[in-house]
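Visitor: The following block contains the structure, expressed as structure tokens.
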Amino acid sequence: MEQKKITVPDIKERKKSGGKITMLTAYDYPTALLVDRAGIDIILVGDSLGMVVLGYKDTVSVTMEEMLHHIKAVSGAVKSALVVGDMPFGSYNVSIEEAIYNANRMMKESRADCIKLEGGCQVASVAKAIVEAGIPVQGHIGLTPQTASSLGGFKVQGKSVEAALALIEDAKALEDAGCFSIVLEAIPSPIAKMITESVSIPTIGIGAGIDCDGQVLVIHDLIGLFERFTPKFVKQYAKISDIILSAVEQYKSDVESLKFPEEQHCFSMNSKEVEKLRKIKKIKRKKMD
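Next up, the structure:
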């Protein structure tokens, strides 16, 4: 039975029906296949790939070309989930025209279903222009990794009354701009709940408590494949790095002790053909001598 493709209206409807939205990142074809097969609603190809896949110290260094490359791989694997492409730093903060141009590239070249950008009131006009150009936009407020240095680092946002009110205004500005959902990152649970209740579009939390309309995690955090640090809000469902390390160590040991490859891993050849080849080699040696 063919999987039904999830659409932007489906995600918006989920808030009205009260069903929780599930969202995970994926950055390559085989991972996207598994995430989609598990029935996850939204797959985000996030610029977090800079840290968990490319080894960068942050997300700022990720380029448009790198994002297009990875989104295209994910899009080729997905049959059901909504694929969100993350607009990298520098791709939408120069001008509205350039933002629309880059969003168009993401939709056409990588076959994303929609795009995501970071920021609230300050990017609302950009988000609105992209939406009016016919491209669905997901917002992202709270801890915005691309501008973490201006926020004082990777810290919880909205802890004061003034900061909380500013986040609520950010969410409303993105809603007014036409965004179909908003990611809330590293925001105190009570504030995230207020934001969720104040807007008509779904909120998807990452370190923002249980009252959001959905949840998102980085797949490498969830499966224990990123060891540099583990955020407080992550629940680790597996420790894949240990399994991979053990498998690689066993392979090394088997090769060195001649336990691999075994007969079942090798290709055979007709014994008569082998003997014929040996005779030919002997004749050639004699001629050389």
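For what it's worth, my numbering labels the leading residue of the sequence shown as 18, then goes sequentially.
Every residue gets a Cβ at the ideal spot worked out from N, C-alpha and C, and that includes glycine.
Could you round the C-beta distance between Cys-131 and Val-25 to whole angstroms and report it? I think they count as a contact, below 8 Å.
Guide: The residue given as residue 131 occupies position 114 in the sequence shown. The residue given as residue 25 occupies position 8 in the sequence shown. Indeed, because the Cβ distance is near 6 Å, the residues count as touching under 8 Å.
Visitor: Kindly confirm or deny that the stretch 228-243 and the stretch 170-187 touch, where touching means at least three C-beta pairs closer than 8 Å.
Guide: no
Visitor: Cβ of Ile-60 within 8 Å of Cβ of Pro-219?
Guide: Within the sequence shown, numbered from 1, the residue matching residue 60 stands at position 43. Within the sequence shown, numbered from 1, the residue matching residue 219 stands at position 202. No, the Cβ-Cβ distance between Ile-60 and Pro-219 is not below 8 Å.
Visitor: Starting from the C-beta of Ser-108, find all residues in its chain whose C-beta is less than 6 Å away, skip the five residues before and the five after it, and write them out in chain order.
Guide: The count along the sequence shown starts at 1 and reaches residue 108 at position 91. Here the set comprises Met-81 and Asn-119.
Visitor: Taking the alpha-carbon positions, what's the Cys-54 to Val-70 distance?
Guide: Residue numbering aside, residue 54 sits at position 37 when the sequence shown is read from its first letter. Residue numbering aside, residue 70 sits at position 53 when the sequence shown is read from its first letter. Note that residue 54 corresponds to Arg in the displayed sequence, not to Cys. Going from the Cα of Arg-54 to the Cα of Val-70 covers about 22 Å.
Visitor: If you drop the 5 nearest sequence neighbours on each side, which residues of the same chain put their C-beta closer than 6 Å to that of Ala-194?
Guide: Counting from 1 along the sequence shown, the entry for residue 194 is found at position 177. For Ala-194, where only same-chain residues beyond five positions count, the Cβ hits under 6 Å are Ala-141, Ala-144 and Lys-145.
Visitor: Where does Ser-97 fall in DSSP's three states?
Guide: For the purposes of this step, residue 97 is identified with residue 80 of the sequence shown, where counting begins at 1. Residue state, collapsed to three classes: coil.
Visitor: Got a sec? Which residues, its chain only, sit under 8 Å from Arg-31 by beta carbon, not counting five neighbours each side?
Guide: By 1-based counting over the sequence shown, the position of residue 31 is 14. Within the same chain, Arg-31 has close Cβ partners Lys-37, Ile-38, Asp-58, Pro-219, Asp-230 and Gly-231.
Visitor: Assuming Val-62 and Val-95 make a contact with CB atoms under 8 Å, what is their CB distance in whole Å?
Guide: As a working note, residue 62 is residue 45 in the sequence shown. As a working note, residue 95 is residue 78 in the sequence shown. Contact flag wrong, Cβ pair sits at about 10 Å.
Visitor: Based on Cα-Cα distance, which residue from Glu-114, Ser-112 and Gln-163 lies nearest to Lys-310?
Guide: What the structure shows of the chain is the stretch from 18 to 306, and residue 310 is not part of that stretch, so it cannot be assessed.
Visitor: Sort Met-104, Glu-273 and Asn-121 by Cα distance to Gly-67 and report the nearest one.
Guide: On the sequence shown, residue 67 is found 50 positions in, with the first residue counted as 1. Cα-wise, what sits closest to Gly-67 is Met-104.
Visitor: Which whole runs of the alpha helix (DSSP H) in the stretch 122-195 are 4 residues long or more, in chain order?
Guide: 141-149 and 178-194
Visitor: Output yes or no for whether 8 Å exceeds the beta carbon distance between Ala-116 and Ile-147.
Guide: Looking up residue 116 in the sequence shown gives position 99. Looking up residue 147 in the sequence shown gives position 130. For Ala-116 and Ile-147, yes; Cβs fall inside 8 Å.
Visitor: Rounding to the nearest angstrom, what Cα-Cα distance links Lys-276 and Gln-267 in this structure?
Guide: In the sequence shown, the residue the question calls residue 276 occupies position 259. In the sequence shown, the residue the question calls residue 267 occupies position 250. Going by the C-alpha atoms only, they are around 10 Å apart.
Visitor: Return the CA-CA distance between Gly-159 and Arg-128, expressed in angstroms with no decimal places.
Guide: The sequence position of residue 159 within the sequence shown is 142, counting from 1. The sequence position of residue 128 within the sequence shown is 111, counting from 1. Going from the Cα of Gly-159 to the Cα of Arg-128 covers about 28 Å.
Visitor: With a floor of 4 residues, list each alpha helix (DSSP H) that falls wholly inside the stretch 41-98, ordered by position along the chain.
Guide: 46-54, 66-69 and 81-92
Visitor: Can you find the residues in the same chain that come closer than 7 Å, C-beta to C-beta, to Val-77, ignoring five residues on each side of it along the sequence?
Guide: Taking the first residue of the sequence shown as position 1, residue 77 is located at position 60. Phe-106 and Gln-163.
Visitor: In angstroms, rounded to a whole number, what distance separates the CA positions of Glu-290 and Ile-297?
Guide: The residue labelled residue 290 in the question sits at position 273 within the sequence shown. The residue labelled residue 297 in the question sits at position 280 within the sequence shown. Looking at the backbone, the Cα of Glu-290 and that of Ile-297 are separated by about 11 Å.
Visitor: Secondary structure at Leu-234, three-state DSSP: helix, strand or coil?
Guide: Taking the first residue of the sequence shown as position 1, residue 234 is located at position 217. Strand.
Visitor: For Thr-247, is the classification buried or exposed, using 16 other Cβ atoms within 10 angstroms of its Cβ as the cut-off for buried?
Guide: Working through the sequence shown from its first residue, we reach residue 247 at position 230. Thr-247 should be labelled exposed.
Visitor: Beta strand (DSSP E) containing Val-307: first to last residue?
Guide: Beyond the ends of the chain as shown, which are 18 and 306, falls residue 307; an answer cannot be given.
Visitor: Give the secondary structure of Asp-27 by DSSP, where H, G and I count as helix, E and B as strand, and everything else as coil.
Guide: For the purposes of this step, residue 27 is taken as residue 10 along the sequence shown, with counting starting at 1. DSSP places Asp-27 in helix when its eight states are reduced to three.
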